[in-house]
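Q: Going down the list, the protein sequences come from chains A and B.
First residue of the first sequence: 1, per the UniProt record's numbering; consecutive thereafter.
First residue of the second sequence: 1, per the UniProt record's numbering; consecutive thereafter.
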Amino acid sequence: MPRGEAAIGRVMAQMAMVMNLDKCIGCHTCSVTCKQAWTNRTGVEYVWFNNVETRPGQGYPRRYEDQDTWRGGWELNKRGRLALKAGGRFKKLITIFSNPVLPSIDDYYEPWTYDYETLTNAPLQEHTPVARPKSLISGKDMKIAWSANWDDSLGGSSDHGDKDVLLNQVSEKIKLEFEQTFMFYLPRICEHCLNPSCAASCPSGAIYKRAEDGIVLVDQDRCRGWRMCVTGCPYKKVYFNHRTGKAEKCTFCFPRVEVGLPTVCSETCVGRLRYIGLVLYDADRVLEAASTPDETGLYEAQRKVFLDPYDPEVVAAAERADIPRDWIEAAQRSPIHALINTYKVALPLHPEYRTLPMVWYIPPLSPVVDAVRDTGQDAEDHRNLFAAVDALRIPVDYLAQLFTAGDPVPVDAVLHRLAAMRAYMRDINLGREPNDTIPRTVGMTGEQLYDMYRLLALAKYDERYVIPPAHAEQAHELEELATECALDYEGGPGMGGSGPFGETSGGAAPIAVENYRALRDRQTSDTPATPTDKATRVNLLNWDGKGRPPGLFPPGEDEEKGAGS
Amino acid sequence: MTTLLAADETGTGAILLWVVLPYVVLAVFVLGHVWRYRYDKFGWTTRSSQLYERRLLRIGSPLFHFGILVVLLGHIGGLLIPESWTEAAGISEDAYHVSAVVLGTIAGIATVGGLAILIYRRRTVGPVFSATTRNDKAMYVSLTVTIGLGLAATVAANIVGGGYNYRETISPWFRSIFYFQPDPDLMSESPVLFQLHAISALLLFAFWPFTRLVHMLTAPLGYLTRPYIVYRSRDTRLGARPPRRGWERTGV
Chain A
1 MPRGEAAIGR VMAQMAMVMN LDKCIGCHTC SVTCKQAWTN RTGVEYVWFN
51 NVETRPGQGY PRRYEDQDTW RGGWELNKRG RLALKAGGRF KKLITIFSNP
101 VLPSIDDYYE PWTYDYETLT NAPLQEHTPV ARPKSLISGK DMKIAWSANW
151 DDSLGGSSDH GDKDVLLNQV SEKIKLEFEQ TFMFYLPRIC EHCLNPSCAA
201 SCPSGAIYKR AEDGIVLVDQ DRCRGWRMCV TGCPYKKVYF NHRTGKAEKC
251 TFCFPRVEVG LPTVCSETCV GRLRYIGLVL YDADRVLEAA STPDETGLYE
301 AQRKVFLDPY DPEVVAAAER ADIPRDWIEA AQRSPIHALI NTYKVALPLH
351 PEYRTLPMVW YIPPLSPVVD AVRDTGQDAE DHRNLFAAVD ALRIPVDYLA
401 QLFTAGDPVP VDAVLHRLAA MRAYMRDINL GREPNDTIPR TVGMTGEQLY
451 DMYRLLALAK YDERYVIPPA HAEQAHELEE LATECALDYE GGPGMGGSGP
501 FGETSGGAAP IAVENYRALR DRQTSDTPAT PTDKATRVNL LNWDGKGRPP
551 GLFPPGEDEE KGAGS
Chain B
1 MTTLLAADET GTGAILLWVV LPYVVLAVFV LGHVWRYRYD KFGWTTRSSQ
51 LYERRLLRIG SPLFHFGILV VLLGHIGGLL IPESWTEAAG ISEDAYHVSA
101 VVLGTIAGIA TVGGLAILIY RRRTVGPVFS ATTRNDKAMY VSLTVTIGLG
151 LAATVAANIV GGGYNYRETI SPWFRSIFYF QPDPDLMSES PVLFQLHAIS
201 ALLLFAFWPF TRLVHMLTAP LGYLTRPYIV YRSRDTRLGA RPPRRGWERT
251 GV
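1) Measuring alpha carbon to alpha carbon, tell me which residue in A:220, A:126, A:305 and A:141 is nearest residue 193 of chain A.
2) Which term fits residue 345 of chain A, buried or exposed, when burial requires 16 or more other beta carbons within 10 angstroms of its beta carbon?
3) Going along chain A, which residues have a C-beta under 7 Å from residue 50 of chain B?
4) Any contact between the segment 97 to 108 of chain A and the segment 381 to 391 of chain A? By contact I mean 3 or more CB pairs, one from each, below 8 Å.
5) Would you mind giving the Cβ-Cβ distance between residue 51 of chain A and residue 145 of chain A, rounded to the nearest angstrom? I have them listed as a contact below 8 Å.
6) Residue 65 of chain B touches chain A at which residues, Cβ-Cβ below 9 Å?
7) Express the C-alpha separation of residue 204 of chain A and residue 192 of chain B in angstroms, rounding to a whole number.
8) Report the rounded CA-to-CA distance for residue 42 of chain A versus residue 243 of chain A, giving the unit in angstroms.
9) Taking contact to mean 3 or more Cβ pairs, one atom from each stretch, closer than 8 Å, check whether the segment 358 to 376 of chain A and the segment 395 to 414 of chain A are in contact.
10) Could you give the first and the last residue of the continuous alpha helix (DSSP H) run that contains residue 107 of chain A?
11) Between which two residues does the alpha helix (DSSP H) harbouring residue 451 of chain A extend?
12) What does residue 126 of chain B reach in chain D if we use C-beta pairs closer than 7 Å?
13) Quick one: Cα of residue 233 of chain B to Cα of residue 12 of chain B, how far?
14) Which residue from B:142, B:45, B:44 and B:221 puts its Cα closest to that of residue 201 of chain B?
15) Which partner residues of residue 218 of chain A appear in the DSSP bridge assignment?
16) Given residue 104 of chain B, which residues of its chain have a CB within under 7 Å of its CB, disregarding the five upstream and five downstream residues?
17) Taking C-alpha atoms, which residue in A:11, A:255 and A:464 lies nearest to residue 269 of chain A?
18) What residues in its chain sit with their C-beta under 7 Å from that of residue 92 of chain A, if we drop five residues either side in the sequence?
19) Step through the CB atoms of chain B and report whether any lies within less than 8 Å of the CB of residue 221 of chain A.
20) Along chain B, which residues have their Cβ under 9 Å away from the Cβ of residue 240 of chain A?
21) Tell whether a beta-carbon distance below 8 Å holds between residue 408 of chain A and residue 400 of chain A.
22) How would you write the range of the alpha helix (DSSP H) that residue 188 of chain B sits in, first residue to last?
23) Verify whether the separation of the beta carbon atoms of residue 25 of chain B and residue 205 of chain B is less than 8 Å.
24) Can the beta-carbon of residue 18 of chain A be found closer than 8 Å to that of residue 275 of chain A?
25) Answer yes if the segment 61 to 70 of chain A comes into contact with the segment 254 to 266 of chain A, meaning at least three C-beta pairs across the two stretches below 8 Å, and no otherwise.
26) Taking C-beta to C-beta, are residue 237 of chain A and residue 250 of chain A nearer than 8 Å?
27) With 8 Å as the threshold, decide whether the Cβ of residue 204 of chain A is near any Cβ in chain B.
28) Which same chain residues end up closer than 7 Å to residue 64 of chain B when comparing Cβ atoms and leaving out the 5 residues on each side of it in sequence?
29) Using a threshold of 8 Å, state whether the C-beta atoms of residue 49 of chain B and residue 138 of chain B are closer than that.
30) With DSSP as the reference, label residue 166 of chain B as helix, strand or coil.
31) For chain A, check one thing: does any of its Cβ atoms lie closer than 8 Å to the Cβ of residue 108 of chain B?
32) Between B:102, B:76 and B:30, which has its C-alpha nearest residue 163 of chain B's C-alpha?
33) Could you run through the segment 27 to 43 of chain B and flag, in chain order, every residue whose CB is less than 9 Å away from some CB of chain A?
34) Would the segment 172 to 179 of chain B and the segment 206 to 220 of chain B be scored as touching if the rule is three or more Cβ pairs under 8 Å?
35) Go ahead and pull the three-state DSSP assignment for residue 10 of chain A.
36) Near residue 84 of chain A, what residues of its chain come up, given a Cβ to Cβ distance below 7 Å and the 5 sequence neighbours on each side ignored?
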């Protein structure tokens, strides 16, 4: 482990995630469950805290990676000092009245619902009535032209692929020939960066990094809607709620994580590809790492910020920093630490933004494996796979643009390790003598490869998620532990939808109750923009198929007369 | 006692307008903000509509905001700084007047132009209009009337009368409110357009704490000095729910 060059500074714990892209089948379950849990409210209809992109593709919002346009993240200024790409404090305040590089709703997409009511109450007519799409922004009829994953699974085709920002950067001459096409899915959430540029961009100081677990949150009571965070985030994972006028972002499901549960997106992941755990890092080295002169050095620099939780000096420093004992133990068992630093198969997403992101990815080997299989070769043989990794420059260069600022060497190394694991485990699974030269070629031991296989392939629940709960002595006040009455807050159960100063003014509702209420409200109202006839509408998307919620069918003649049976 | 006696001389109307109303407005303005900050921090926002439309906003909003900031500075200079001070500094009334008119004209045109663009945008851009509440509409009317009357008063005074020295009547009256020695007579003498401007401004200030205009009071000047990355401990306030009485954390 790299350490000992400098004394250990301020030790902090960071809740982090790794996603194994080989396992992502692009089912969008994470996106949908996240949306149901967090952004099924008015004002954030267009918002996906978790979204799954097809790569190559434009992403969401469209072409968000084009930082020449969107000016997100950090850059080194002429003196080699770290500076916000969109401009420093003074420029932020001068442009506060109209943010020059804020994505508009069209860069995301115009959210819509369907006019389902027509289906049930249209008069008898020659043509079947249709549910027309209604804009959730203007309330008018609209033509659906784009959405968060409109180019889903179309990534490799020339219609969509050439709009990909990274492909343009890889090489001018790459043509997306049919036989060269490849695609994979990239689920994205907020990166909960060690050096968050959204927080640095916030004029009000409303975005903060939690000292205990490093989760980046927006204080809804301090946010004043200056919109600079949306520009500041290079991943475009801070969103503006256009009804409440406040910024919102992925919360790493902190009410769940605080009690030891994985995030909603992880819990519901069909492919079981997400890993959650703690990483200990040296907060005093963050700035230095983010200021690494060479962009391709940022991956290594960030790895050096992390501390080895088994090192007794680190443990002692962590204890001095008031990190509880069970958190240190959790950091030792952390799958994140293993994947990033022990097996070195996880890579950060776009380290060149210099935010030191904390959601890392295991790059997909599948384009390579598929290519080998298509040639009729044995796709599990390590020699074939290694040769293919080296030969298939397009996927490797592309992955390097995503994960290592364009340096193919670390990506090659990761893909070799993954290929070695496949080849090594095949011998074991077929009852043959394991070939110990395979782990040696990638600088690992057979035991390490086996452990890596266990973590990646078997992926047991309690090994994927090592989440130490927040402390019992604080439990009374944690969000999800309802030791108090869930409705026991200001405004109480009778809380109305609108405060006196427009929609959702007044105190913020507790998250647990808010979601429950929001779901119930949406079950009974889905009029575009402003609900007018809540009592008679039902949202089919939220109907679980049981029973007959009021408003699903128009009132029958009997009911109208009040006769009944 | 003096105010009661003055009532006989100046008339109840003047007392109500230039003594009672300012103090009521002052109280509503201050207490209203305190109340709003205490109970509606979540509603305290600019409610920006840039997400819906940015082309018109990009011209209109900076034009209006920078214009109104200069207008605000001009008002502070004109109302708070006594004429005797500027004279002592060697600035004659003429010089002051000319510079005020030049600067005021530029700022006034910017403000009104920006406001016109913003109102046009608010009415014609569908999503922006549908996000406009009744509160917003009332605020826009109040703001526009105040700015319009202020501009009308200045223009009328300068074109018709060759300038009105408000620093001998309106400004001392304004300051007298804060000394708690209100002198309504000063205000009663001033031209009617200035009086109307003052009344509409007072009404706007009374309405202020209950509109989106509150964002002005939290202009993020602290951004210039705070560290870029804010760390906050979970311990100080967990979740969105304030602790129940008797269950607050003790200091750690």
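Glycine included, each C-beta is placed from N, C-alpha and C at the ideal position.
In this text the structure is predicted, and so the values were computed from the model without any measurement.
A: Straight from the coordinates:
1) Position 193 of the first sequence holds residue 193 of chain A. Selected option, being the one with the closest Cα: A:305.
2) Mapped onto the first sequence, residue 345 of chain A falls at position 345. With 16 or more other Cβ atoms within 10 Å, it is buried.
3) For the purposes of this step, residue 50 of chain B is taken as the residue at position 50 of the second sequence. Correct list: 98, 99, 102 and 227.
4) The way I'd put it, the segment 97 to 108 of chain A doesn't touch the segment 381 to 391 of chain A; fewer than three beta-carbon pairs between them come closer than 8 Å.
5) In the first sequence, the residue the question calls residue 51 of chain A occupies position 51. In the first sequence, the residue the question calls residue 145 of chain A occupies position 145. Not a contact, Cβ separation roughly 18 Å.
6) Translated into the one-based positions of the second sequence, residue 65 of chain B becomes position 65. Here the neighbours are 96, 97 and 98.
7) Reading the second sequence from its first residue, position 192 is the one you call residue 192 of chain B. Reading the first sequence from its first residue, position 204 is the one you call residue 204 of chain A. So the alpha carbons of these two residues sit roughly 42 Å apart.
8) Working through the first sequence from its first residue, we reach residue 42 of chain A at position 42. Working through the first sequence from its first residue, we reach residue 243 of chain A at position 243. Cα to Cα, the separation comes out at about 7 Å.
9) yes
10) Working through the first sequence from its first residue, we reach residue 107 of chain A at position 107. Taken as a continuous stretch (DSSP letters only), the alpha helix (DSSP H) holding residue 107 of chain A covers 105 to 108.
11) In the first sequence, counting from the first residue as 1, residue 451 of chain A sits at position 451. Here the alpha helix (DSSP H) through residue 451 of chain A covers 446 to 453.
12) Looking at the structure shown, chain D is missing, and the protein chains on hand are A and B.
13) Your numbering for residue 233 of chain B matches position 233 in the second sequence. Your numbering for residue 12 of chain B matches position 12 in the second sequence. Going by the C-alpha atoms only, they are around 57 Å apart.
14) Stepping through the second sequence from its first residue, residue 201 of chain B is reached at position 201. Considering only alpha carbons, the answer is B:142.
15) Sequence index remark: in the first sequence, residue 218 of chain A carries index 218 (1-based). Partner(s): A:207.
16) Against the second sequence, residue 104 of chain B aligns to sequence position 104. So the qualifying residues of the chain are 74 and 154.
17) Here residue 269 of chain A refers to the residue found at position 269 when the first sequence is read from its first residue. Residue 269 of chain A has its Cα closest to that of A:464, out of A:11, A:255 and A:464.
18) As a first step, residue 92 of chain A is located in the first sequence; it is residue number 92 there, counting from the start. Within the same chain, and ignoring the five residues on either side of residue 92 of chain A in sequence, the residues whose Cβ sits closer than 7 Å to its Cβ are 201, 203 and 228.
19) Here the question's residue 221 of chain A lines up with position 221 in the first sequence. With 8 Å as the cut-off, residue 221 of chain A counts as an interface residue toward chain B.
20) Here residue 240 of chain A corresponds to residue number 240 of the first sequence, with the count starting at 1. Under the 9 Å cutoff, chain B gives 48, 50 and 51.
21) Against the first sequence, residue 408 of chain A aligns to sequence position 408. Against the first sequence, residue 400 of chain A aligns to sequence position 400. For residue 408 of chain A and residue 400 of chain A, yes; Cβs fall inside 8 Å.
22) Sequence index remark: in the second sequence, residue 188 of chain B carries index 188 (1-based). Counting along the chain, the alpha helix (DSSP H) containing residue 188 of chain B begins and ends at 184 to 189.
23) The sequence position of residue 25 of chain B within the second sequence is 25, counting from 1. The sequence position of residue 205 of chain B within the second sequence is 205, counting from 1. Going by C-beta atoms, residue 25 of chain B is nearer than 8 Å to residue 205 of chain B.
24) Here residue 18 of chain A corresponds to residue number 18 of the first sequence, with the count starting at 1. Here residue 275 of chain A corresponds to residue number 275 of the first sequence, with the count starting at 1. The answer is yes: Cβ separation under 8 Å.
25) A contact is defined here as three or more CB-CB pairs under 8 Å, and the segment 254 to 266 of chain A fails this definition with respect to the segment 61 to 70 of chain A.
26) Locating residue 237 of chain A in the first sequence gives position 237, counting from the first residue. Locating residue 250 of chain A in the first sequence gives position 250, counting from the first residue. Yes.
27) Your numbering for residue 204 of chain A matches position 204 in the first sequence. So, interface residue.
28) Taking the second sequence and counting its residues from 1, the one referred to as residue 64 of chain B is at position 64. Closer than 7 Å at Cβ, skipping near neighbours: 111, 114, 115 and 118.
29) Taking the first residue of the second sequence as 1, we reach residue 49 of chain B at position 49. Taking the first residue of the second sequence as 1, we reach residue 138 of chain B at position 138. Their beta carbons are not under 8 Å apart, which means residue 49 of chain B does not touch residue 138 of chain B by this criterion.
30) Walking along the second sequence from the start, residue 166 of chain B turns up at place 166. Three-state DSSP puts residue 166 of chain B in a helix.
31) Indexing the second sequence from 1 puts residue 108 of chain B at position 108. Judged by the 8 Å Cβ criterion, residue 108 of chain B is not in contact with chain A.
32) In the second sequence, the residue the question calls residue 163 of chain B occupies position 163. Of the candidates B:102, B:76 and B:30, the one whose C-alpha sits nearest the C-alpha of residue 163 of chain B is B:102.
33) 36, 39, 40, 41, 42 and 43
34) no
35) Here residue 10 of chain A refers to the residue found at position 10 when the first sequence is read from its first residue. The answer is coil: DSSP assigns residue 10 of chain A none of H, G, I, E or B.
36) As a first step, residue 84 of chain A is located in the first sequence; it is residue number 84 there, counting from the start. So the list reads 74, 197, 200, 201 and 232, once near-sequence residues are dropped.
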